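Protein chains in written order, with this note's numbering: chain A, 6 to 228; chain B, 6 to 228.
Structure follows, in structure tokens:
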């Protein structure tokens, strides 16, 4: 798709449902996406790229090297390895949008959070890649809702956290393109707030069970 | 205050802000409250009881023995000791409303959850007192909002979890008396859902910081 000059080069790390859903929306919006995976010949990534003119598939390093914005949509327990493969030099100065949750499903349902309380995956990534500008966002909703918030009626909230205000503005702009009204974005402060955003997942999973759908969200209402 | 025959005998465990706020609202609604504390001569409990005609102060055992409904409003890290002092026999068959959060503030802010992932305080209590009918509720909002939900405008959600449906109906009735519309109550299922309700606290604390007030809540919005 042709697009005016605010098109962004985006590196998508991860080829699963979340990565594909976000990458497809980005491509639809005219951004130039390279989808990266551990094996550069990942069939899912190649198939996805073939279906999206202008998009490409490659390694984690290819995706990170391409992107001004890099999205971590890998499984939370694989994220640090994926970023290591991407390489610190290719992540330096980039806006790194982290949508992952550090959930371990290996022990069955419900999954357990592998990082809690005084640390979070978002902080681990920021510490590991200090020259990257990490923003945690979107991890509190299902991938469909991430990129089509209108699927949930009325007002509802998306959180952002990160240490770099300019990087948060880039992400807020992207959220706006996805359809999130500016008033729905709640900035929780520095990347440390990723702790609460990630520890919310067990409640999200309980709600999904009680509601019988993943198509829901929470609205923060102030007194 | 005189009250018709649906007045309940309530044992309140805990004399802090949460215990006093709930106890005062219960007394105002005509329920017969005994506020229990570790030391039966707790000055805060005695002062509270003196200000509420018909209410009494006593030990944890006094409160538990009195109540058809027992409310655990102690600090989460002190809850198991408080219930041990109350005594299993006095808790047997009682509806035990657990509003506590297992937060340890001893290491400074933010506090850490002492129970996570595959267990929760609510479950610990139900396991420790299998003859009690534990219902987790109200731990996700500030004490003012617990008993005056109209302080937050519009619709917003209160969660309940517990293994005994009849006990959850008793708690739902009480929530209704506090002012929670029936449609605002989201039943998450068995007491195991206390995990998510408790692990939500770090996000609640981040939101309180970002919003600059504890007078807020979340509304669950379904797509």
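Idealized CB from N, CA, C, for every residue including glycine.
Just so it is clear, the structure is predicted and the values come from calculations on it, not from any experiment.
Residue 163(A) and residue 157(A) - do their beta-carbons sit closer together than 8 Å?
On the first chain, position 152 is the one that residue 157(A) refers to. On the first chain, position 158 is the one that residue 163(A) refers to. Cβ atoms of residue 157(A) and residue 163(A): not closer than 8 Å.
Can you name, in chain order, every residue of its own chain whose Cβ lies under 7 Å from the Cβ of residue 71(B), other than the five neighbours on each side?
By one-based count along the second chain, residue 71(B) stands at place 66. Sequence-distant partners of residue 71(B) (beyond 5 residues in either direction) whose C-beta falls short of 7 Å from its own C-beta, in its chain, are 14, 16, 39.
Sequence-distant residues of its chain with Cβ nearer than 6 Å to residue 80(A) (five each side left out):
Here the question's residue 80(A) lines up with position 75 in the first chain. Contacts found: none.
Is residue 40(B) helix, strand or coil by DSSP?
For the purposes of this step, residue 40(B) is taken as the residue at position 35 of the second chain. Residue 40(B) falls in the strand class under three-state DSSP.
For the region 97–123 of chain B, which residues have a beta carbon sitting closer than 7 Å to at least one beta carbon of chain A?
Result list: 117, 118, 121, 122, 123.
Can you name, in chain order, every residue of its own chain whose Cβ lies under 6 Å from the Cβ of residue 131(A), other than the five neighbours on each side?
The sequence position of residue 131(A) within the first chain is 126, counting from 1. Once the five neighbours on either side are set aside, the close Cβ partners of residue 131(A) are 139, 196.
Measure the Cβ-Cβ separation of residue 202(B) and residue 144(B) and say whether it is below 8 Å.
As a first step, residue 202(B) must be located in the second chain, where it is residue number 197. As a first step, residue 144(B) must be located in the second chain, where it is residue number 139. Cβ distance < 8 Å, so residue 202(B) and residue 144(B) count as in contact.
Please go through the same chain and pick out, in chain order, the residues whose beta-carbon is closer than 7 Å to the beta-carbon of residue 50(A), but skip the five residues on each side of it.
What you label residue 50(A) is simply residue 45 of the first chain in a count that begins at 1. Contacts found: 20, 40, 42, 62.
Residues near residue 69(A) in its chain [Cβ-Cβ closer than 6 Å; skip 5 each side]:
On the first chain, residue 69(A) is found 64 positions in, with the first residue counted as 1. Hits under 6 Å: 16, 75, 91, 95, 96.
Distance check for residue 113(B) and residue 191(A), CA to CA, integer angstroms please.
As a first step, residue 191(A) is located in the first chain; it is residue number 186 there, counting from the start. As a first step, residue 113(B) is located in the second chain; it is residue number 108 there, counting from the start. Those two C-alpha atoms are separated by around 25 Å.
Compile a chain-ordered list of the residues in the region 210–221 of chain A whose CB is closer than 8 Å to at least one CB of chain B.
From the region 210–221 of chain A, only 210, 211, 212, 214, 215, 216, 218, 220, 221 have a Cβ closer than 8 Å to chain B.
Let me know if residue 30(A) comes out buried or exposed under the rule of 16 or more other beta-carbons within 10 Å of its beta-carbon.
Indexing the first chain from 1 puts residue 30(A) at position 25. Classification for residue 30(A): buried.
What is the rounded straight-line gap between the Cα of residue 172(B) and the Cα of residue 35(B)?
Translated into the one-based positions of the second chain, residue 172(B) becomes position 167. Translated into the one-based positions of the second chain, residue 35(B) becomes position 30. When rounded, the distance between both Cα atoms is 20 Å.
If you draw a straight line from the alpha carbon of residue 161(B) to that of residue 146(B), how long is it in whole angstroms?
Counting from 1 along the second chain, the entry for residue 161(B) is found at position 156. Counting from 1 along the second chain, the entry for residue 146(B) is found at position 141. In a straight line, the C-alpha of residue 161(B) is about 11 Å away from that of residue 146(B).
Using 10 angstroms around the beta-carbon of residue 4(A), count the other beta-carbons present and answer buried if the total reaches 16, otherwise exposed.
Missing from the structure shown is residue 4(A); chain A here goes from 6 to 228 and no further.
Quick one: grab the DSSP three-state call for residue 255(B).
The question about residue 255(B) has no answer here: the residues shown for chain B are numbered 6 through 228.
Looking only at C-alpha atoms, which of 199(A), 116(A), 122(A) sits nearest to residue 110(B)?
Taking the first residue of the second chain as position 1, residue 110(B) is located at position 105. It is 122(A) whose Cα lies nearest to the Cα of residue 110(B).
Neighbouring residues, chain A, relative to residue 223(B) (Cβ below 9 Å)
Here residue 223(B) corresponds to residue number 218 of the second chain, with the count starting at 1. What residue 223(B) touches in chain A: 162, 223, 224, 225, 226.
At which residue ranges does the region 86–118 of chain B contain complete alpha helix (DSSP H) runs of 4 or more residues, listed in the order of the chain?
93–96
Do residue 199(A) and residue 126(A) count as a contact pair if the criterion is CB distance below 8 Å?
Within the first chain, numbered from 1, the residue matching residue 126(A) stands at position 121. Within the first chain, numbered from 1, the residue matching residue 199(A) stands at position 194. Result yes, Cβ atoms of residue 126(A) and residue 199(A) sit closer than 8 Å.
Check the DSSP bridge columns for residue 17(B) and list the partner residues they point to.
Start at 1 with the first residue of the second chain, and residue 17(B) comes out as number 12. BP columns for residue 17(B) point to 40(B), 76(B).
Let me know the secondary structure DSSP gives residue 67(A) once reduced to three states.
Counted from its first residue, the first chain places residue 67(A) at position 62. DSSP places residue 67(A) in helix when its eight states are reduced to three.
How many angstroms separate the CA atom of residue 32(A) from the CA atom of residue 54(A)?
Taking the first residue of the first chain as 1, we reach residue 32(A) at position 27. Taking the first residue of the first chain as 1, we reach residue 54(A) at position 49. Taking the straight line from one Cα to the other gives about 10 Å.
As a quick exercise: from 208(A), 153(A), 106(A), pick the residue whose alpha carbon is nearest that of residue 194(B).
Numbered from 1 along the second chain, position 189 holds the residue referred to as residue 194(B). The option with the nearest alpha carbon to residue 194(B) is 208(A).
Under 7 Å Cβ-Cβ, which residues of chain A neighbour residue 201(B)?
To locate residue 201(B), count along the second chain from 1; it is residue 196. What residue 201(B) touches in chain A: 207, 208, 210, 211.
Hey, how far is the Cα of residue 119(B) from the Cα of residue 46(A)?
Start at 1 with the first residue of the second chain, and residue 119(B) comes out as number 114. Start at 1 with the first residue of the first chain, and residue 46(A) comes out as number 41. Distance between the alpha carbons of residue 119(B) and residue 46(A): 44 Å.
Mind listing the chain A neighbours of residue 186(B)? Cutoff is C-beta to C-beta under 7 Å, in chain order.
Residue mapping note: residue 186(B) aligns to position 181 of the second chain, counting from 1. Here the premise fails: no neighbours, minimum Cβ distance about 14 Å.
Return the bridge partner residues of residue 190(B) from the DSSP annotation.
For the purposes of this step, residue 190(B) is identified with residue 185 of the second chain, where counting begins at 1. Residue 190(B) pairs with 163(B).
Report the residue from 210(A), 88(A), 170(A), 188(A) whose alpha carbon sits nearest the alpha carbon of residue 108(A).
Position 103 of the first chain holds residue 108(A). Among 210(A), 88(A), 170(A), 188(A), the Cα nearest to that of residue 108(A) is on 210(A).
Let me confirm a value: residue 136(A) is counted as buried when at least 16 other C-beta atoms fall within 10 Å, else exposed. Which label applies?
Translated into the one-based positions of the first chain, residue 136(A) becomes position 131. Residue 136(A) is exposed by the Cβ-count criterion.
Can you pull the chain A residues whose beta carbon is under 7 Å from the beta carbon of residue 198(B), in chain order?
Within the second chain, residue 198(B) is the residue found at index 193, counting from 1. Ordered by position in chain A, the residues that pass the 7 Å Cβ test against residue 198(B) are 211.
Residues in the region 145–158 of chain B having any Cβ partner in chain A nearer than 8 Å:
150, 156, 157, 158
Closer than 6 Å by C-beta to residue 101(A): which residues in its own chain qualify, once you throw out the five before and the five after it? Chain order, please.
Stepping through the first chain from its first residue, residue 101(A) is reached at position 96. Within the same chain, residue 101(A) has close Cβ partners 75, 137, 139.
For residue 233(B), tell me which candidate among 28(B), 73(B), 66(B), 67(B) has the shortest Cα-Cα distance.
A query on residue 233(B) cannot be resolved here, the shown segment of chain B reaching from 6 to 228 and no further.
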